[in-house]
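Novice: If you use mature numbering (1 follows the signal peptide of the UniProt record, and there is no 0), the sequence shown corresponds to residues -31 to -1, 1 to 470, in order.
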Amino acid sequence: MKFNQLSRRAFIKGSASLLALSTMPVKFSFAQTTIRVRPEWQQFRNSANYASFIDAIRLMRANTNASSPSSWQYWVNVHVNYCPHGAPYFLAWHRGYLYYFEQQLRIVSGNNNLVLPYWDYYRNPRIPAEFTDPARGNPLYVARVNTNVYNALTLTPFGSNVWNFQRGTANAFETFLEDAPHNPVHNIIGGVMQTMQSPQDPIFYLHHANIDRLWHAWALPDGKGIPWTSSPYWSGNFTYAPNLTLPRSQCYHPNWVGTDYADNSPPTSLPPQAMLKGEVIRVQSQQARGVARPPVGAFKSTAPKGLGAGRRSIGGASDVGLSESSVSVRVPVQKQDSDALQTIVAHARGNRAAPAAAPETYKSVDITLDNVNLLPPGRLGGFYYKVYLNLPAGGATSSSEAYYLGTLGAFEIDAASHRGGGHHGGGTVQLSFPATERLVSIMTNDIREVTVSLVRVNGDNSPRGRVVTIGELRVELSTQEPFDLTPPAPAPADSPYRSSN
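See the structure below:
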């Protein structure tokens, strides 16, 4: 599969002419915004806008001038060059990205009422049939590994304890939602969807419209812990292309970018335990039983070491290979490091009188995967791993969320490689999972080992054999604070969340 990708420098140089887009309203009165409602795909495909949507995508994909906003590759390059993944503003940046892309669809189609539909996979976990029809000339079709994303779904972001929003806070919604279902949907679908070139696949836009909808649904009715627009959090602009920016604060609420959704309710259950392709989904029964700690692999231990800049490894394992089998990595903990872990937990629990008050004392824990490499059998995706900390040994636990750290798959690896300026196989890829919050909830006494479990999750089709290697998996201590315990100020009475919902 060949893409007309531009480097950031070439993209900036070649995008000087943004004639159509430069006329779009960037700064305007929020109260004067025209609100258009995005429908779910099953409703949208029977609407008057469906033909315009198909025509616009066909025309954009046929346009080979990657520096033209009317080309499909232009918007792929916007995502490649500017999108934040595993970083602050993941949700808000993509809200603005959909805003500009949707306006380009209207320009290309000539239909000012055209909107992006969303795909509600919590109701219909299979990619809509219109996207999987390989008929010649179907602009919605690209080759994919899987079309059923059921195994990507979770209700964790919508738990009653998830009130904070942004990264750097405890139980942060943005982090949970990006970890799942966002990342696993990319991973399970596979193909180009498991790379930063994922907007090549038209289903990307329906996926992200749904992610944006889920953010809004979670925030209702009062905005929960989203900082109000007077917070420094919203200072500055998002960049999408040269001369194409958006104030961050404009992405606080979907109405402020002219958007609402046909259904603003969060999911309360996974799709019914039903027959898909004539088979009961196996992972559903696994979820019902909970998660058991996988066997510990025979990996070579790495010794504790200083990492500089207030960081220390308390040990790890080298040459960790991941295949279709789930596996655990056991890290022995020395007495001095066990004491440090107890101090970290006491500090994180809010005991500010604990020894961790000293600046040089360790205050947080991370599980770091260093020199991560995606091997050829795994480069089309179709799988991912759930990462857990200290799952109980001996039988499945029914409360696995308490041990959950995040997800690891081809998409996360490509995103990390992208952040480091490389591509598959280029440069050192490092991923880090904050673990302090999990230790706070599960650590009750002296801890003499840390066990990291990587539980494999597959789509209907998935590769076999070794797909990922990790040069070193290690447990790190840091002098940085684990998260901000200061609650954000509540939204004022004139907030769109408080005033209209």
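The C-beta atom is built at its ideal place from N, Cα and C for all residues, glycine as well.
Just so you know, these numbers come straight off a predicted model, no measurement behind them.
#1: Check whether the region 110 to 119 touches the region 189 to 196, taking contact to mean three or more Cβ pairs, one atom from each stretch, closer than 8 Å.
#2: Taking Y353 and V298 to be in contact with their CB atoms under 8 Å, please state how far apart those CB atoms are, rounded to whole angstroms.
#3: With DSSP as the reference, label P153 as helix, strand or coil.
#4: Would N68 pass as a contact of L183 if the rule is Cβ separation under 9 Å?
#5: Of all the options P273, V421, A462 and Q12, which has the alpha carbon lying nearest to the alpha carbon of R262?
#6: Residues in its own chain within less than 8 Å of P301 by CB, not counting five upstream and five downstream?
#7: Please list the segments of the beta strand (DSSP E) lying wholly inside the region 68 to 118, counting only runs of 3 or more residues, in order along the chain.
#8: Can you have a look at L276 and say buried or exposed, based on whether 16 or more other CB atoms are within 10 angstroms of its CB?
#9: Quick one: Cα of R443 to Cα of L400, how far?
#10: Where does E329 sit, in a helix, a strand or coil, going by DSSP?
#11: In angstroms, rounded to a whole number, what distance separates the CA positions of K304 and E71?
#12: If you draw a straight line from the alpha carbon of T123 to that of Y91, how long is it in whole angstroms?
#13: Taking the alpha-carbon positions, what's the A186 to K274 distance?
#14: Hey, how far is the Cα of L446 from the Cα of E329?
#15: Taking buried to mean at least 16 other C-beta atoms within 10 Å of its own C-beta, is E143 buried or exposed?
#16: DSSP three-state call for Y58: helix, strand or coil?
#17: Within a Cβ cutoff of 6 Å, which residues of the same chain sit near V314, ignoring the five residues on either side of it in sequence?
#18: Could you give the C-beta distance for P451 and K332, rounded to a whole number, given that I count them as a contact under 8 Å?
#19: Does the region 332 to 348 come close enough to the region 431 to 442 to have 3 or more Cβ pairs within less than 8 Å?
#20: What separation, rounded to the nearest whole angstrom, lies between the Cα atoms of I336 and G375?
#21: By how many angstroms is the C-alpha of R435 removed from the C-alpha of G290?
#22: Near V111, which residues of its chain fall below 6 Å by C-beta distance, leaving aside the five closest residues on each side in sequence?
#23: Going by C-alpha distance, which of T138, A384, S218 and P264 is nearest E406?
#24: Around the Cβ of T455, are there at least 16 other Cβ atoms within 10 angstroms (buried) or fewer (exposed)?
#25: Kindly indicate which three-state DSSP category F(-2) falls into: helix, strand or coil?
#26: Look at the alpha carbon of T198 and the alpha carbon of F134, and state the distance between them as a whole number of angstroms.
#27: Grab the span of the beta strand (DSSP E) containing I439 for me, first residue to last.
#28: If I measure Cβ to Cβ from H176 and keep anything under 7 Å in the same chain, skipping five residues before and after, which residues do I get?
#29: Can you tell me whether Y221 is helix, strand or coil according to DSSP?
#30: DSSP three-state call for A261: helix, strand or coil?
#31: Provide the residue span of the alpha helix (DSSP H) that contains L310, from first to last.
#32: Tell me the DSSP secondary structure of S369 in three-state form.
#33: Suppose the cutoff is 6 Å on Cβ atoms and the five residues either side in sequence are ignored; what does the same chain contact list for L338 look like?
Specialist: In short, the structure shows the following:
#1: no
#2: About 17 Å separates the two Cβ atoms, so there is no contact after all.
#3: helix
#4: According to the sequence provided, residue 68 is Tyr. The question's Asn does not apply to it. Not a contact, by the Cβ cut-off of 9 Å.
#5: V421
#6: S270, G284, R417 and E418
#7: none
#8: exposed
#9: 11 Å
#10: coil
#11: 57 Å
#12: 9 Å
#13: 45 Å
#14: 11 Å
#15: buried
#16: coil
#17: L408, V409 and M412
#18: 6 Å
#19: yes
#20: 11 Å
#21: 6 Å
#22: D170
#23: T138
#24: exposed
#25: Legend: pLDDT at F(-2) = 49, less than 50; position of this residue unreliable, value from coordinates given subsequently. Three-state result, F(-2): helix.
#26: 13 Å
#27: V437 to S447
#28: W88 and V154
#29: coil
#30: strand
#31: K304 to A317
#32: helix
#33: L400, I439 and L442
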